[in-house]
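Undergrad:
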Amino acid sequence: MAKNWPLARRKKALQQRAHILREIRQFFIEKGYLEVETSHRIPTPAPESHIDAVPSSTWFLHTSPELCMKRMMAAGYEKVFQICRCWRERERGSLHLPEFTLLEWYRAGGDYRSLMEECEKLIRSVATGIGLGQNLTFRGCKIDLSEPWERISVKEAFQRYPRTTVTEALEKNLFDEVMVQEIEPKLGLRKPMFIYDYPAQRGALARLKQEDPTVAERFELYMGGLELANGFSELVDSEEQRKRFLMENENRQFNGKPIYSMPDRFLAELDDMPPSVGIALGVDRLVMVFLDAKTIDEVVAFTPEEL
Amino acid sequence: MYTASDLRKGLKVIIDGEPYIVTAFEFSKPGKGQALYRTKLRNMITGLSIDRTYREGETFDPASLEERAMQFLYKEGDHYHFMDNETYEQIIISEESLGEAKSFLIDNLNVKVLLFGERAIGVELPNFVNLRVMKTDPWVRGDTSKADFKPGTLETGYVLRVPPFIEEGELITIDTRTGEFSKRVKE
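Here the protein sequences come in this chain order: V and P. Numbering-wise, the working numbering puts 1523 at position 118 of the first sequence, and it's gapless, one number per residue. Numbering-wise, the working numbering puts 124 at position 105 of the second sequence, and it's gapless, one number per residue.
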C-alpha cells in the first residue's frame, strides 16, 4: 500500500473524473463550440459583492473566465467553451475548494430558457457517455435524469417551502440564509431542478427580465440539493454593466472588502457582444454527483491541506 | 479575536459569556450570495448544543480556558477520573462534558484538562493517539471489488473507517481532531 493511501484510493474517482471531462469536451465539440483558453492571471476581477479574488503580485488569479470569454464573444467568437481552474479566496468547506474547476460556455442567440435545455442535454450526454442510465443515486436520492427537468422560479420556491417571502428576505438581509437552510436542501431531489428569475440585485452580470425588471434572467441548477451551475441571459449594455459594477463595489466597501478597479477593456468591448447566454458549471461538483461523493475532497487529486 | 472565517471544528469561543466549542461546521455560499458559516456549538458547561449561522466578518472572543496537564486514570460508569500530574489531585469529568474525546481516552493517556474558573469542563487530547482495533473484517488480498474502506471498532468502542489492509488486533494512529484513521503503527 502506498504511503499516501488517501491519494492512492482516489484513483478510481480520478479515472472517472477524466472520463467525465472527455465526455464534456466531446459534447461541445460535436455542437460546434470552440474550446478556448483565457488567462488565469488577470489585472482585475469582475467586481462582485461576495466573490473575493486571490491576489497574484499586483494582479489577481481569475475567479471565473467570464470577462475574457465575453471579450471573445464581443470579438465575434459565437460559441466558446472552457474548462479551467479558478480561485476564490477563503472558500473552503465540504463543497468548496479555494482552487476548483469551472466549465463555462457562451453562445450567441437564445435566452436563458434555451440554455437550461442545453444544460440538460450536456449532463444527460455525459451520463450516457460514462455508462449511467436514466437514473443516478446521489446523497440518498434517486434522481431521474429523463427530460424535461423541473423548473421553479425563486418566487415560487419561497412560496412552496418556507416561512417568508422573497421581498421580506431581501429586506431583512436573510435571502442567503433562507436559500441555504430552507430551500436548497429540497431542490432537485427526484429530478434535477432549475430555479430561475433571481432578484435583480443577485445577478450582477445578467440581463433583467423585460416583463418584470425586478428579476434577472438568471438560473441555477440543483441536483440532490447541491448547486451545480449558474447561467443567465447576458447583460450586453456597457453603461448598465458599469453601474452594476459600481454598485457591487459599494457593497464590497460597505462590507469592509477591498474594491476592485473597473475592468475597462471588458466594458469598452461589451457593446459589441451579441445577445448571448452563458453559464458556469462546477466540474468538481458534477463529478461528485456522478460518483455519489460526500465531499469535494473525494474527487480531486489534492486538497490545499494535502499540499 | 476570531472572525467567522476562522471557525472550524474544535474552536473554542465565548458566546453570551459562556464557553462553547464548535462540534460541527459547514461552509456554504449560495450562488452569488454571501459566505455563511453554519455551526453546531456545544456549551462546555451545560453540554447543551445549539445551531448557529454566522456571516463573513462576524467576530468572536476566544474562550481562554486554563489548561492543566493530567493523566486519564479510569472510567467508572459515566464518570471519567483524571489525576493532576503536579499535585496528584484527582478530578472527575462527566461523559457528556467530554463529548467526542471519550472515544479516544485510554488509560494513562496524558491530556490537558480545561478549566473554566474552577470547573473542569473538558479535555484537550494530543492530536494523535494510538488505539487498538478490536474488530474488523479480514482483508482478502488482491480483492479489488471491496470498498476502499471498511469499518473498524476500537478498544474504546469507537467505530471508524480504516483501510482494508488493517487487521484485528493491530495498533493504529487516530487523528483526534478529525476522528479519522491516520496510519498503522509498526509494533
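The beta carbon of each residue, even a glycine, is placed where N, CA and C say it ideally should be.
(1) Give a yes or no on whether the minimum CB-CB distance between residue 1581 of chain V and chain P is below 8 angstroms.
(2) Just reading off the beta strand (DSSP E) that residue 1626 of chain V is part of, what are its end residues?
(3) Which of the three DSSP states, helix, strand or coil, is assigned to residue 1532 of chain V?
(4) Could you name the residues that DSSP lists as bridge partners for residue 1540 of chain V?
(5) Given residue 110 of chain P, which residues of its chain have a CB within under 6 angstroms of its CB, disregarding the five upstream and five downstream residues?
(6) Tell me, please, whether the CB atom of residue 1584 of chain V is closer than 8 angstroms to any CB atom in chain P?
(7) Within its chain, find whatever has a CB closer than 6 angstroms to the CB of residue 1677 of chain V; leave out the 5 residues flanking it on each side and keep chain order.
(8) Looking only at its chain, what residues have a beta carbon closer than 8 angstroms to the beta carbon of residue 202 of chain P, apart from the 5 residues adjacent to it on each side?
(9) For residue 82 of chain P, go through chain V and note every residue whose CB falls closer than 9 angstroms to its CB, in chain order.
(10) Starting from residue 1502 of chain V, follow the alpha helix (DSSP H) in both directions and report where the run begins and ends.
(11) Report yes if the CB atom of residue 58 of chain P is closer than 8 angstroms to the CB atom of residue 79 of chain P, and no otherwise.
(12) Do you know how far the Cα of residue 1706 of chain V is from the Cα of residue 1712 of chain V?
(13) Could you tell me the alpha carbon to alpha carbon distance between residue 1550 of chain V and residue 1529 of chain V, rounded to whole angstroms?
(14) Based on DSSP bridge pairs, tell me the residues matched to residue 102 of chain P.
(15) Check the Cβ of residue 1492 of chain V against every Cβ in chain P and list those closer than 8 angstroms, keeping chain order.
(16) Please tell me whether residue 64 of chain P and residue 105 of chain P are closer than 8 angstroms, where the distance is taken between their beta carbons.
(17) Could you confirm whether any beta carbon from chain P is found closer than 8 angstroms to the beta carbon of residue 1499 of chain V?
(18) Anything in the segment 1619-1635 of chain V with a Cβ closer than 7 angstroms to a Cβ of chain P? List those residues in chain order, please.
(19) Grab me the residues of residue 178 of chain P's own chain with a C-beta within less than 6 angstroms of its C-beta, minus the 5 sequence neighbours each way, in chain order.
(20) Counting only runs that start and end within the segment 1603-1675 of chain V, where is the beta strand (DSSP E) found for 3 or more residues in a row?
(21) What do you get for residue 1648 of chain V, buried or exposed, if any count of 16 or more other CB atoms within 10 angstroms of its CB means buried?
(22) For a contact defined as C-beta to C-beta under 7 angstroms, what are the partners of residue 1410 of chain V on chain P?
TA: Judging by the given coordinates:
(1) Locating residue 1581 of chain V in the first sequence gives position 176, where the first residue counts as 1. Chain P, which has a Cβ nearer than 8 angstroms to the Cβ of residue 1581 of chain V, makes this yes.
(2) Taking the first sequence and counting its residues from 1, one reaches residue 1626 of chain V at position 221. Looking at the DSSP string, the run of the beta strand (DSSP E) that includes residue 1626 of chain V is 1620-1628.
(3) Residue mapping note: residue 1532 of chain V aligns to position 127 of the first sequence, counting from 1. Correct three-state label for residue 1532 of chain V: helix.
(4) The count along the first sequence starts at 1 and reaches residue 1540 of chain V at position 135. Paired residues: V/1549.
(5) In the second sequence, counting from the first residue as 1, residue 110 of chain P sits at position 91. So the list reads 101 and 139, once near-sequence residues are dropped.
(6) Against the first sequence, residue 1584 of chain V aligns to sequence position 179. By this cut-off, residue 1584 of chain V is an interface position.
(7) Counting from one through the first sequence, the residue named residue 1677 of chain V turns up at place 272. Excluding sequence neighbours, residue 1677 of chain V sits near 1479.
(8) Within the second sequence, numbered from 1, the residue matching residue 202 of chain P stands at position 183. Cβ within range, chain order: 191 and 192.
(9) Sequence index remark: in the second sequence, residue 82 of chain P carries index 63 (1-based). Those do not exist, as residue 82 of chain P stays about 23 angstroms from chain V at its closest Cβ, beyond 9 angstroms.
(10) Numbered from 1 along the first sequence, position 97 holds the residue referred to as residue 1502 of chain V. Here residue 1502 of chain V belongs to no alpha helix (DSSP H), and DSSP marks it neither H nor E.
(11) Numbered from 1 along the second sequence, position 39 holds the residue referred to as residue 58 of chain P. Numbered from 1 along the second sequence, position 60 holds the residue referred to as residue 79 of chain P. Cβ distance not < 8 angstroms, so residue 58 of chain P and residue 79 of chain P don't count as in contact.
(12) Counting from one through the first sequence, the residue named residue 1712 of chain V turns up at place 307. Counting from one through the first sequence, the residue named residue 1706 of chain V turns up at place 301. Answer to the nearest angstrom: the Cα atoms are 10 angstroms apart.
(13) Here residue 1550 of chain V is taken as the residue at index 145 of the first sequence, counted from 1. Here residue 1529 of chain V is taken as the residue at index 124 of the first sequence, counted from 1. For residue 1550 of chain V and residue 1529 of chain V, the distance between alpha carbons rounds to 7 angstroms.
(14) Looking up residue 102 of chain P in the second sequence gives position 83. DSSP, once it has assigned bridges, lists P/90 and P/109 as partnering residue 102 of chain P.
(15) By 1-based counting over the first sequence, the position of residue 1492 of chain V is 87. The contacting residues do not exist; residue 1492 of chain V stays about 14 angstroms from chain P at best.
(16) Locating residue 64 of chain P in the second sequence gives position 45, where the first residue counts as 1. Locating residue 105 of chain P in the second sequence gives position 86, where the first residue counts as 1. No; because the gap between Cβ atoms is not below 8 angstroms, this pair is not in contact.
(17) In the first sequence, the residue the question calls residue 1499 of chain V occupies position 94. Judged by the 8 angstroms Cβ criterion, residue 1499 of chain V is in contact with chain P.
(18) Sequence-ordered contacts of the segment 1619-1635 of chain V with chain P read 1625, 1632 and 1635 [C-beta pairs closer than 7 angstroms].
(19) Taking the second sequence and counting its residues from 1, one reaches residue 178 of chain P at position 159. Correct list, in chain order: 170 and 172.
(20) 1620-1628 and 1631-1638
(21) Your numbering for residue 1648 of chain V matches position 243 in the first sequence. When all chains shown are included, residue 1648 of chain V counts as exposed.
(22) On the first sequence, position 5 is the one that residue 1410 of chain V refers to. Per Cβ cutoff of 7 angstroms: 182.
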